[in-house]
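Let me begin by presenting the structure, written as structure tokens, before commenting on it.
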Amino acid sequence: MGYHILVVDDNRIIRTMAMRAVTMSSLPISTMVEAENGQIALERMRAGTVDLVLLDINMPVMNGEEFLTALRQDAVLKPTPVIVVSTESNIQRIARLRAMGAGFVHKPFKPEELVAAVNRLMVFMKPDAGAAHV
Amino acid sequence: MSDVTETGLITVAAVVENLAFLTPLGPAEALAPADQRLVFAVVFRGPFTGRVVLALGAGVAEAMYGNLTGSGDITAVAHDDALEVGKELANVIAGNLIPAIYGSEHEFHLDAPVLGAPRALTGLHFSLELAEGALSVGIERD
């Protein structure tokens, strides 16, 4: 029994880094899947259970803010916890992301910073809670 | 050294250390086009538009790849892998440098980094000598 994590970033190596950082956390993990943009991320979420999303912002096809907006408008997917992992520093944009219920980790991040953010967010969740599943 | 130059160098050095785990040694002369092995451009749009250009000298992308993946052998890093790490370095440098130079009260949107051609860096630019090589970052405003 563990969490189903989705890592969304257009950079393959950064997805790998993020997955390695999450495995260093104390979270029990069932699956980790990847998506290279917001559109593919939504497809992955509609196809299976996702308990937590780690989300980049600057991506082609569908960026992180567009993805988060679509996510929160979806009746089934909207409760899914999201941590934005981004270089974004504009106060208004960060406020918009937080208003959509996202946690935030600033790039460049130390692995322990990502781990701490995941642990903070997931302490209220139970594994296999099925935050979003079809 | 002007305040802007110092701010730019400190910002780039922080990203290089904290993202790529590379070792900045100090300011350097701008990389000549002939010494630029990989060049990336990140277009930014906001109150004004332009691009951040990252030029990497020999060995830098390979060293970053080794640091991020834990791979001990960086003598045969695939070109695609070097491009991936270089793009992310360009993305994060641009994302940190633009607000550091122009202020975080403006909202800028950054395009995905694209591979570019070697070029002479004119205007605002910052160059670092690294233990692993050298890099230069330029900001070009439209």
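In the order they appear, the protein sequences are chains A and B. Quick note: the first sequence, position 134, residue 141 per our numbering, numbers continuous. Quick note: the second sequence, position 141, residue 280 per our numbering, numbers continuous. Beta carbons: idealized from backbone N, C-alpha and C, even for Gly. As the structure is a prediction and not an experimental result, all values here were calculated from the model.
* Asked: Does DSSP put G137/A in a helix, a strand or coil?
  -> If you number the first sequence from 1, residue 137/A lands on position 130. Note that G137/A has pLDDT 45, beneath the 50 cutoff, so the model's placement of it is unreliable and the number below is only indicative. In the structure shown, G137/A adopts coil according to DSSP, grouped into three states.
* **Cβ of A76/A within 7 Å of any chain B Cβ** => As a position in the first sequence, residue 76/A is number 69, starting the count at 1. In the sequence as displayed, the identity of residue 76/A is Thr instead of Ala. With 7 Å as the cut-off, T76/A does not count as an interface residue toward chain B.
* Return the CA-CA distance between L236/B and V151/B, expressed in angstroms with no decimal places. => Here residue 236/B refers to the residue found at position 97 when the second sequence is read from its first residue. Here residue 151/B refers to the residue found at position 12 when the second sequence is read from its first residue. When rounded, the distance between both Cα atoms is 7 Å.
* Compare the C-beta of P238/B against all C-beta atoms of chain A and say whether one is closer than 7 Å. => To locate residue 238/B, count along the second sequence from 1; it is residue 99. Closer than 7 Å to the CB of P238/B there is at least one CB belonging to chain A.
* **Complete beta strand (DSSP E) runs within the stretch 28-115 of chain A (minimum length 3 residues, chain order)** => You should have 36-42, 59-62, 89-93 and 109-113.
* Scan the stretch 195-209 of chain B for residues whose Cβ lies nearer than 8 Å to a Cβ of chain A and list them as they occur along the chain. => Within the stretch 195-209 of chain B, those residues whose Cβ lies closer than 8 Å to any Cβ of chain A are, in chain order, Y204, L207 and T208.
* Runs of beta strand (DSSP E) lying entirely within the stretch 235-264 of chain B, each at least 3 residues, in chain order -> Residue ranges of uninterrupted beta strand (DSSP E) with 3 or more members, entirely inside the stretch 235-264 of chain B and ordered along the chain, are 253-255.
* To do: Would you decide whether M129/A is buried or exposed? Buried here means 16 or more other CB atoms lie within 10 Å of its CB.
  => Reading the first sequence from its first residue, position 122 is the one you call residue 129/A. Counting Cβ neighbours within 10 Å, M129/A comes out buried, since at least 16 surround it.
* Opening and closing residue of the beta strand (DSSP E) in which G272/B lies -> Counted from its first residue, the second sequence places residue 272/B at position 133. Where G272/B is concerned, the enclosing beta strand (DSSP E) starts and stops at G272 to R280.
* **Terminal residues of the beta strand (DSSP E) in which G147/B lies** => Residue mapping note: residue 147/B aligns to position 8 of the second sequence, counting from 1. In the DSSP assignment, G147/B falls outside any beta strand (DSSP E) and within the unbroken alpha helix (DSSP H) covering D142 to N157.
* Asked: Residue range of the beta strand (DSSP E) that G189/B falls in?
  -> Working through the second sequence from its first residue, we reach residue 189/B at position 50. Counting along the chain, the beta strand (DSSP E) containing G189/B begins and ends at T188 to L195.
* Alpha carbon to alpha carbon, how far is A124/A from I90/A? Give it in angstroms, no decimals. => Taking the first sequence and counting its residues from 1, one reaches residue 90/A at position 83. Taking the first sequence and counting its residues from 1, one reaches residue 124/A at position 117. Cα to Cα, I90/A sits roughly 8 Å from A124/A.
* **Alpha-carbon spacing of Q99/A relative to F247/B, whole angstroms** => If you number the first sequence from 1, residue 99/A lands on position 92. If you number the second sequence from 1, residue 247/B lands on position 108. In this structure, the CA atom of Q99/A is about 11 Å from the CA atom of F247/B.
* What residues in the stretch 94-105 of chain A have a beta carbon less than 8 Å from any beta carbon of chain B? -> Flagged, chain order: T94, E95, S96, N97, I98, Q99 and R100.
* To do: Consider the Cβ of M52/A: report whether some Cβ of chain B lies at a distance smaller than 7 Å.
  => The count along the first sequence starts at 1 and reaches residue 52/A at position 45. Interface residue (Cβ-Cβ distance to chain B less than 7 Å): M52/A is not classified as such.
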